[in-house]
Structures are given as structure tokens and as C-alpha cells.
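The structure appears right after this line, and notes come after that.
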Amino acid sequence: MIRAAIALLAVLAALPLFGLPEYFLHLGIATMLSAVACTGWAMMGRFGLVSFGHGAFIGIAAYTMALLWNYAGLTPWIGLPAGVALGMAAAALLAYPCFRLRVVGHYFALVTLAAGEIVRILIVALRNITGGSLGMTPRLSPDNALAAMQLGKHGFWWLAVLVWAFALLTWWWIDRSMSARALTAISEDEDAAASIGIRVTREKMMITLISAGFAALGGALGAQYRLYLNPESLAGIGISLQIVFGALAGGMYSMLGPTVGAAFTIALEETLRVSFGTAFIGAAPLVYGVLLVLFILFLPRGIVGWFERRR
Amino acid sequence: MEGATLSLEGIRAGYGDFQALFDVGLKVSPGEAVGVVGPNGAGKTTLLRVISGMLRPKAGTARFGSTDIAATPAHMLPGIGIAHVPENRRLFPHLTVEENLKVGAYIPAARRRYAEREAYVFDMFPRLKERRHQLAGTMSGGEQQMCAIGRALMSSPRILLLDEPSAGLAPLVVAQVFALVQRIRAEGLTVLIVEQNVAQVLRVVDRAYVLDAGHVVAEGSSAALASDPKIRSAFLGGH
Chain A
1 MIRAAIALLA VLAALPLFGL PEYFLHLGIA TMLSAVACTG WAMMGRFGLV
51 SFGHGAFIGI AAYTMALLWN YAGLTPWIGL PAGVALGMAA AALLAYPCFR
101 LRVVGHYFAL VTLAAGEIVR ILIVALRNIT GGSLGMTPRL SPDNALAAMQ
151 LGKHGFWWLA VLVWAFALLT WWWIDRSMSA RALTAISEDE DAAASIGIRV
201 TREKMMITLI SAGFAALGGA LGAQYRLYLN PESLAGIGIS LQIVFGALAG
251 GMYSMLGPTV GAAFTIALEE TLRVSFGTAF IGAAPLVYGV LLVLFILFLP
301 RGIVGWFERR R
Chain F
1 MEGATLSLEG IRAGYGDFQA LFDVGLKVSP GEAVGVVGPN GAGKTTLLRV
51 ISGMLRPKAG TARFGSTDIA ATPAHMLPGI GIAHVPENRR LFPHLTVEEN
101 LKVGAYIPAA RRRYAEREAY VFDMFPRLKE RRHQLAGTMS GGEQQMCAIG
151 RALMSSPRIL LLDEPSAGLA PLVVAQVFAL VQRIRAEGLT VLIVEQNVAQ
201 VLRVVDRAYV LDAGHVVAEG SSAALASDPK IRSAFLGGH
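Heads up: the sequence lines are chains A and F, in that order.
Per full-length UniProt numbering, residue 1 is the first one in the first sequence, and the count goes up by one each step.
Per full-length UniProt numbering, residue 1 is the first one in the second sequence, and the count goes up by one each step.
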């Protein structure tokens, strides 16, 4: 198992050396970074903590990183961790009152939904520094590409492999901890969990922070890779639901589910873009909506979950 | 851990404006088995919720050994030795029996002794060992009650609080559950048991309190209560 994982990582790391087409590398990077966000979401989603607001954490992290670079000249190598930390702080600020006041289930989902939108609206409103709806680009620095984290396809491929492996490793580690069982217990019966000494709020906070952190990391790295930030694609309902879609489609109860879901989402996105282009605005959300219903009805444990059951 | 005395004095508690307990006092010494009996709505479950920290009393003191229960967060109480088997068992139905026992040993002190505690529980409930990989929610009511008691025992408690262990079980199973309670107390564990099934519970406890409409209306040894004409006519269907 561990050997297979290391072999797979080695193959993934070696792939760019074989002169693969740029487009393939692009899809791979986009998939892996999106997989990090989806895996992060599923870390809490699988314990019944459904968030429709992970876009908030991505938006905060990505814009913090880019603004620090453009206005203070701070390298994204520091700006990114700072942004992720700020995203996690926002998650803590949002989640703590919810958990203390026992805002659970649908109500929790609604609160998070609002959070994502608030961040999007804030980015748009602060257009003087963020560029508003038109988005912004990190200042290009061709002479100092490494310090500016403007690495090109190869560099980002390796960075994405690293971060993706880190997300999966974290998942694997959580799965083996007492927290995984405690969180399952909490998701089934919060009072009974508390009665046997489980620190309900603490466990929920911990998983929420980890989850938000990975979403922020994957999302912000994606922005840095594309060198373009836009409030619609980094905060708000759109991106938040896209993450949920990926996790649900792939299967949020399996370690590789969200990754498969991310690959599925990227493939779907590309297909729709190539086949419809701008001819049918709104085609993508429609297809997503229909597919989401179909997945919930027929593959509630996602693509990977379906394979696991058949085995 | 050596025993500790549970003592409640002048406890008033309730939900919102509704007061469920009026100046209730109660004492359980180490090694004792004590019952709280009374009709539906007498405040029995409320009393247990106060002891396990799930409900804060409005007045009065509740102590376990040197710990002030009312001032301690609920999740800390298993750590000082209070284990609560809640009404209707409240298992985690989608976890296996073994996983239920594992979360029962969530507190750090219990995690270290997990293997030993699991062996103890499996020894006491061989049925649970047979069904260790089964989802807890798919077992019979009696097996689930065993699992709930087993889960509580995983934390090496000093006092076991049992809320209506006979609720919803067939008479034969009720007898089995009470036989188990008797065995647990024979091993020296302090037990506080709340029950509507007065006749059964008086056979396994040393003393009992009779609770009615939030007041302690009688207390005494099991034998004395069982032969008290008032108790007999009120609860035991005697004449």
C-alpha cells in the first residue's frame, strides 16, 4: 500500500519529463489543485458538516496572497501560507459560534453559503485595490520567476503533486486517528457523543480548520498558477458549489473520491467549453445541476464509492 | 481509581420556565447500588442529566468526590469517572460494535487502557464479541443495551448511571439486563439506576429514592420500600 503510493507519486513526478503536451500538463495541474480543494471539503463533508461556503476561504487566501505580492512585494511563498492562515481564521470565526450555538445540518449550510457570498461581494466592493469584477493579475516578474512563484507548467506540476499528496496523507492520517471515530459519533448523535466525553466543539473546529485550509491552499495555488484572480471564480456560490459537486460526484467517503470527482469536473468543464463555447450561456450550470441530482439519486457515494461497493 | 461519593443537595433544575426538580437530595456511597424510581415525568431523567453534566442545576450542589459537577464541563465528567448510559441507549447505529466501544474509550486515560478494557467488556458480554463487526443499529434491543453499557464501561468509570435500561425491551430481556447490572455491581462498581420498572429494580439495588413530580417522596432500603404499603399500592400493583 505505502510502496504503491510512493511508486505512483514517482510516476506522477516524472511525467512532465517525457515531453507531454502543454495542454495535458495544464489539465493535470488544474485537476490536482482542484482535487486538493475537493478533498479538503470532503474531510468535513463526510462527517455531516456540509459547507456551501468554502469559496470564502479560497477567496480570502488567493486575494491575500496576490495583494501582498502586488502592493507589498511579499513573495507568494510567504503570502500563500499567510493567506491560507487568514482563510482558516475566517473559518474559525464562522464555525465557532455555529458549533457553540449548535447550528447544524441545513442551517449550518445556509450560514456558510452566506459567508461565501460576503467574501465575493467584499472583493467586488473593494475594486480600487482588488480590481473588482474585472479581476486582477499578479505583477509579472520574469527576472525573478522562482521568488514570484511564477513557475510555468513543470514547476506547478510538481508543486501540485506535492500539495495533492499532502492532502491525501492528511486524510489518511485523520482516518486512523480517534478524531475520525469521534466525528462519526458526533454526526450520528451529538448528545450521546458528548456524554462519553467527546469534546464536540473542539473536534468539529479541528476538522473545519483543516478542511478550510486545504480548500484555501488548492484554490489559491490555482489562482497563482493561472495568474488571474476573479471574484466569481474564487469566492461566492459558484466556486463553493463546484467544490461540493466534485466531492459528491467522486464520492466523499473515499480517500480518492474527491480527486476522481475533480478530474470528472475538469473533464466536464473542458467538454462543455469546447462543444458549446459561448453559444449557450448557462449550459454549464444546467448540466451541473442535472448531474448533481442524478448523482444524489443513483450514486450517493459517488463514482469511487460505487466501484468500492461492486468490488 | 478509588471510589468517590456522589452527593446532591437541594437540587432545582428544569427546562426554561418548567421546573422538573424541587430541592432534590441524594447520596450514593462507593460500592453502593442505588435506584431512583417513580412514574413517568417524575424528573428521573432530569436528575441523571444533572449528574452527568448535560443539564446545569438552577440551585443546589452536586458533587462527585471533590469535584463540583455543576461547575465542570460535561465532557470532563467521564474523565473523573462518571459514565452515563442514556435513555434509549443512544448508540451510534452506523458504527460497528467495536467502533462504538472505541469511541467509548475516547478520553485519554481510557485510550491508554483500551486493550484491557475491551477484554473486560467482551468478557462480560460475550455476545458483543461475537458481533463486534456488526453495525450497532442492526442488533436487537437487548444487545444494543449491552453495547451501550459496554461503551460506558470502556472509560473505566467509578460510577455508572443507567437511565431506564429496561425501556422498550421484552420481559425476558429485561431480566437479562438486570442480571448484568447485578454482575456489574458485584464487581464493586457504584451504580445509580433510574427505572420505572420498580419491582425489578428493587431486587438489584441496596437503596432507592422514590421521586414524584420532582420531589423525593420516600427513600429507604429496597426491602423496606418493597414492603411499604404506600409504595406497593402506588407502583407495585399490590393491595
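Backbone N, C-alpha and C fix where the C-beta goes; we use that ideal spot for every residue, glycine too.
Nearest in C-alpha terms to Arg49 (chain F), of all of F:Gly79, F:Phe235, F:Ile107 and F:Ala62, is F:Ala62. Trp157 (chain A) is not a Cβ neighbour of Leu256 (chain A), given a cutoff of 9 Å.
Judged by DSSP in its simplified three-state form, Phe307 (chain A) adopts helix. With respect to chain A, the C-beta atom of Tyr106 (chain F) has a partner C-beta closer than 9 Å.
In the DSSP assignment, Tyr209 (chain F) falls within the beta strand (DSSP E) that extends over Arg207 to Asp212. Rounded to whole angstroms, the separation of the alpha carbons of Gly131 (chain A) and Gly238 (chain A) is 19 Å. Around the CB of Ala249 (chain A), 16 or more other CB atoms lie within 10 Å, so the residue is classed as buried. Contact of Arg111 (chain F) with chain A is assigned, a C-beta pair being separated by under 9 Å.
Under the three-state reduction of DSSP output, Gly131 (chain A) falls in the coil class, being neither helix nor strand. Contact annotation, Val260 (chain A) with Ile303 (chain A): C-beta distance approximately 5 Å; criterion of less than 8 Å satisfied.
The straight-line gap separating the alpha-carbon atoms of Ala167 (chain F) and Ala5 (chain A) is approximately 50 Å.
Against chain A, a Cβ distance below 8 Å from His94 (chain F) picks out Thr184 and Glu188. When the five nearest sequence neighbours on each side are left out, the beta carbons in the same chain lying within less than 7 Å of the beta carbon of Arg12 (chain F) are those of Gln19, Leu21, Phe22, Asp23, Pro57, Lys58, Ala59 and Gly60, in order along the chain. Cβ-Cβ separation between Arg120 (chain A) and Pro231 (chain A): approximately 5 Å, consistent with a contact (criterion under 8 Å). Using a Cβ-Cβ cut-off of 9 Å, Pro39 (chain F) does not count as an interface residue toward chain A, since no Cβ of chain A sits closer than that to its own. Bridge partners of Asp163 (chain F) according to DSSP: F:Val194.
In the three-state DSSP reduction, Lys27 (chain F) falls in the strand class (E or B). Boundaries of the beta strand (DSSP E) harbouring Ala218 (chain F): His215 to Ser221, taken from the DSSP string. At a cut-off of 9 Å between beta carbons, Gly45 (chain A) makes no contact with chain F. Contacts between Met178 (chain A) and chain F, judged by CB atoms closer than 9 Å, involve Lys102, Val103, Ala105, Tyr106 and Arg111 in chain order. The beta carbon of Ala37 (chain A) sits closer than 6 Å to those of Ala215, Gly218, Gly219 and Ile243, all from its chain and outside the five residues before and after it, given in chain order. Within a 10 Å sphere around the beta-carbon of Pro86 (chain F) sit 16 or more other beta-carbons, which makes this residue buried. Sorting A:Ile210, A:Ile198 and A:Ile207 by C-alpha distance to the C-alpha of Arg111 (chain F) places A:Ile198 at the top.
Distance from the CA atom of Arg207 (chain F) to the CA atom of Met146 (chain F), rounded to whole angstroms, is 24 Å.
Within the region 117-188 of chain F, the alpha helix (DSSP H) runs of at least 4 residues that lie entirely inside it are, in chain order, 126-130, 141-153 and 171-186. Taking a cut-off of 8 Å on C-beta distances, the region 173-183 of chain F does not touch the region 288-308 of chain A, as fewer than three cross pairs fall below it. Proximity of chain F to Ala194 (chain A) at the Cβ level (cut-off 8 Å) is accounted for by Met54, Ala74 and His75, in chain order. Judged by beta-carbon spacing, Met65 (chain A) lies beyond the 9 Å limit of Ala167 (chain A), meaning their Cβ atoms are not closer than that value. Note on the region 232-277 of chain A: whole alpha helix (DSSP H) runs with a minimum of 4 residues are 236-250 and 257-276, in chain order. Neighbours of Ile198 (chain A) in chain F, taken as residues whose beta carbon is under 8 Å from its own, are His75, Val103 and Tyr106 in chain order. For His133 (chain F), no chain A residue has a Cβ inside 9 Å of its Cβ, as the nearest lies near 15 Å away. In the DSSP assignment, Ile207 (chain A) falls within the alpha helix (DSSP H) that extends over Val200 to Arg226. Closest option to Gly38 (chain F), judged by alpha-carbon separation, among F:Arg151, F:Tyr209 and F:Ala224: F:Tyr209. With its beta carbon at least 9 Å from every one in chain A, Arg203 (chain F) lies outside the interface. Only those residues of the region 161-178 of chain F whose C-beta falls short of 9 Å from the nearest C-beta of chain A would be listed, and there are none.
Within the same chain, Cβ atoms closer than 6 Å to the Cβ of Ala284 (chain A) are found at Leu272, the five residues on either side in sequence being excluded.
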